[in-house]
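Colleague: Per my numbering, the sequence shown starts with residue 413, numbered consecutively. Have a look at this one.
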Amino acid sequence: MADRFQAPRGTADLLPADAAARARVEATARELLERAGYGCIETPVFEDTELFARGVGASTDIVRKEMFTFEDKGGRSITLRPEATASIARAYLEHGMQKLPQPVKLWWYGPLFRHERPQAGRFRQFTQLDVEAIGSDSPLVDAELILLCDELLRILEVPELVLRIGSLGSPETRAAYRPELVAYLRDHETELARDVRDRIDENPLRAFDSKDESTQAVMAEAPTMLDRLDGEDAEHFTAVRRLLDQAGLTYEVDGTMVRGLDYYTRTVFEFHSGRLGPEVALAGGGRYDRLIELLGGPSTPANGWAAGIERILLAIGATAEERPHDVFVAAEDSQRERALALVTQLRRAGLRTDLDLAGRGMKGQMRQADRVGASHTLILDPDGSIQLRDMRSGEQRVVQAERVVEELITR
Ligand code: AMP
C-alpha cells in the first residue's frame, strides 16, 4: 500500500466538530469590532518578501528564521505572511487611506505562517485576529484598542486573564537609551545566550525576549526603556494608564516587554491567561508610529493588536461539539426522489435536515437518524403517506404532506 500523507509538521486540520467553537470566536469578534467602527479588511496570503524584511525588521526572529520564503516562477521572492500588520499598512498606503478621516480602523482575520518549533499552542500555520487603528497618536486609541481586546477575551470567558503593559518610548528616546543597554549587555556578555550576544549591536532590545534562563536572569536587572521615558513619552504612557484605570481595568506594568517585532513605539501590551502560563501570550500589540514611514509613506502614527485564535480556544478549553439535526427524512426506495424534494423544502424553511445518501434500508435509515441526533424523523411510505416520528417519545403518527413543514416548525 502506498504511504499515506499527513498534514505538514506544525499544521493541523480543522474538523467539523471543532469548527463551531472557532466560528463562534470569529463571530464574536466581528460583532464587537463592527460595533466599535472597525471595518473588515483582507489581504493576500503572500506578499513580496521585502515588505516583511523592511516592515517586521531584518533582525527579528520572524525574518531571520521563521519565514516561508520562496521564488515564484517569475523569479520574484515571495513570502507566506508571518504577520498581518505589515500587509495592512501596505494596503493603507496602496489604497490612499491616508486621505480618509483618521484614524482608519480595520480588523483582519486569517491564517499566518511561521517556521517555528511546533509545541503546545505554537504552530507553523495559525490563525490571528488583527485589529488596527492607523492615523492617530492619541492615547485614547491605545486605550480603546486595549479595552476592546479585554472585552473580547472576557466575552469569550478566557479564565485568569492578565494584562501587562509597557512603553518602548519613541525612536529618539530609544536611541538615547540604547548605548546604556549595549554597555550593560557587554558587561554581562559571558552570561548571555549565543544569539543574544551576536545581536548586541544590531538589536540589543531583543535580549529581553530571550527564552534562555541565564539571559533572563541578566535581563531582570537590566535598565529598561520604561525607566528612561522622556517628557512626551512619559505623558503618553501616563495618559493611557489613566484611561485604563478609569475603565476599571487591572494591569501589570512591565518594563521588560519588548514584543517580537521591531516596529513598536511607545505603548506595548500583552494578554495572558493563567491557564496557559506566562510564556504564552494570547494577544499582543502596541503602537507602531514609524511603520508606515518605513514602508515609504508619510509619517503616520498607528496602533494595533493581534490575538491567536488557537490559543484562545486552548485557554477556554473549547471542546468538540456535534450539532444535532432537527429532522431526518427516511424513505423507502420508491420514495427517494420525493425525499430529496422534501428535504430541500425543509432546509429552505430553516430546519437542519438530512437524508440517507448511502442506500441504507429502512432500519439502517432509522439508526442513522438516531446517530445524527435528529429530534424528528419523517418516514415516506411506499403508498405516498408520511409519518412523523418524535425520536424522544417514540410517538409516531401520519401527517398531511402539505402540513409537514408547518408542523415541524411549530415543534
Ligand atoms: P505576535 O504577532 O507574535 O505578536 O503574536 C500575536 C499572537 O498570535 C500571540 O499572542 C499568539 O496568540 C498568536 N501566535 C503567534 N505565534 C503563534 C504560533 N506560532 N502559533 C500559534 N499562535 C501564535
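Note that beta-carbon positions come from the ideal geometry of N, C-alpha and C, so glycine has one too.
Taking the alpha helix (DSSP H) that Y504 belongs to, which residues open and close that run?
Modeller: Note, Y504: alpha helix (DSSP H), T497 to E506.
Colleague: Near L593, what residues of its chain come up, given a Cβ to Cβ distance below 6 Å and the 5 sequence neighbours on each side ignored?
Modeller: P616
Colleague: Check whether the Cβ atoms of Q514 and L524 sit closer than 7 Å, and answer yes or no.
Modeller: no
Colleague: Quick check: the stretch 662-682 against the stretch 633-642, are at least 3 beta-carbon pairs closer than 8 Å?
Modeller: yes
Colleague: Mind checking whether T461 and T491 have CB atoms under 7 Å apart?
Modeller: yes
Colleague: Would D701 pass as a contact of T679 if the rule is Cβ separation under 7 Å?
Modeller: no
Colleague: If you follow the alpha helix (DSSP H) that T627 is in, where does it begin and where does it stop?
Modeller: E625 to A632
Colleague: What separation, rounded to the nearest whole angstrom, lies between the Cα atoms of Q758 and R764?
Modeller: According to the sequence as given, residue 758 is Leu; it is not Gln. Using only the alpha carbons, I get a separation of about 8 Å.
Colleague: Can you find the residues in the same chain that come closer than 6 Å, C-beta to C-beta, to K517, ignoring five residues on each side of it along the sequence?
Modeller: G449, Y450 and A545
Colleague: Within the present structure, is the beta-carbon of E495 separated from the nearest heavy atom of ligand 1 by less than 6 Å?
Modeller: yes
Colleague: Give the secondary structure of Q514 by DSSP, where H, G and I count as helix, E and B as strand, and everything else as coil.
Modeller: Q514 sits in coil when the DSSP states are folded into three classes, being neither helix nor strand.
Colleague: Can we count L694 as close to ligand 1, meaning its CB is less than 6 Å from some heavy atom?
Modeller: In terms of side-chain proximity, the C-beta atom of L694 is found nearer than 6 Å to a non-hydrogen atom of ligand 1.
Colleague: Among residues of its own chain, excluding the 5 on either side of A730, which ones have a beta-carbon nearer than 6 Å to its beta-carbon?
Modeller: A433
Colleague: Take every Cβ of the stretch 420-433, pair it with every Cβ of the stretch 488-508, and state whether three or more of those distances are shorter than 8 Å.
Modeller: In short, these stretches do not touch, since the Cβ pair count stays below three.
Colleague: In three-state DSSP terms, what is R678?
Modeller: strand
Colleague: Note down the Cα distance separating G578 from S685, rounded to an integer number of angstroms.
Modeller: 18 Å
Colleague: Shortest alpha-carbon distance to R750 belongs to which of D795, G708 and T712?
Modeller: D795
Colleague: If you follow the alpha helix (DSSP H) that L776 is part of, which residue opens it and which one closes it?
Modeller: In the sequence as displayed, the identity of residue 776 is Gly instead of Leu. That run of the alpha helix (DSSP H) goes M774 to R783.
Colleague: Out of V692, A587, G720 and T440, which has the shortest C-alpha to C-alpha gap to L381?
Modeller: With the chain running from 413 to 823 in the structure shown, residue 381 is simply not present.
Colleague: Within the stretch 446-493, note down every full beta strand (DSSP E) run reaching 3 residues or more, in order along the chain.
Modeller: 458-460, 480-483 and 489-492
Colleague: Could you tell me the alpha carbon to alpha carbon distance between E647 and E733, rounded to whole angstroms?
Modeller: In this structure, the CA atom of E647 is about 49 Å from the CA atom of E733.
Colleague: If you follow the beta strand (DSSP E) that D766 is part of, which residue opens it and which one closes it?
Modeller: From DSSP, the beta strand (DSSP E) with D766 extends over T765 to L767.
Colleague: Nearest by alpha-carbon distance to E425: which of F535, G773, L694 and A742 is it?
Modeller: Glu is not the amino acid found at residue 425; the sequence shown has Asp there. Among F535, G773, L694 and A742, the Cα nearest to that of D425 is on F535.
Colleague: Quick one, are the C-beta atoms of A595 and S622 less than 7 Å apart?
Modeller: no
Colleague: Below 7 Å CB to CB, which residues in the same chain sit around V652 once its five sequence neighbours on both sides are set aside?
Modeller: P551, D554, A555 and T679
Colleague: Go through its chain and collect everything with a Cβ distance to A501's Cβ below 6 Å, but skip five positions before and after it.
Modeller: Excluding five sequence positions before and after A501, the CB atoms of its chain that fall closer than 6 Å to its own CB belong to L703, I704 and L707, given in chain order.
Colleague: Closer than 6 Å: is that where the CB of F838 sits relative to any heavy atom of ligand 1?
Modeller: Summary: the structure shown does not reach residue 838, with the chain confined to residues 413 through 823, and so no result is reported for it.
Colleague: Exposed or buried, T602, counting other C-beta atoms within 10 Å across all chains shown (16 or more means buried)?
Modeller: That one is exposed.
Colleague: Quick one: what does DSSP say R640 is sitting in, helix, strand or coil?
Modeller: helix
Colleague: From E478 to G720, what does the alpha carbon distance come to, in whole angstroms?
Modeller: 17 Å
Colleague: Considering just the uninterrupted stretch of the alpha helix (DSSP H) at R566, what are its terminal residues?
Modeller: Start and end: P551 to I567.
Colleague: Is DSSP giving Y521 helix, strand or coil here?
Modeller: strand
Colleague: Does the beta carbon of D639 come closer than 7 Å to any beta carbon on chain B?
Modeller: Included in the structure is just one protein chain, with no chain B present.
Colleague: Let me check you understand the geometry: is the CB of R586 closer than 6 Å to at least one non-hydrogen atom of ligand 1?
Modeller: no
Colleague: Just checking E528 against ligand 1 - is the residue's beta carbon closer than 6 Å to any of the ligand's heavy atoms?
Modeller: Taking non-hydrogen atoms of ligand 1 into account, the C-beta of E528 is found less than 6 Å away from one of them.
Colleague: Under 7 Å, do F538 and E722 count as touching if we go by C-beta distance?
Modeller: yes
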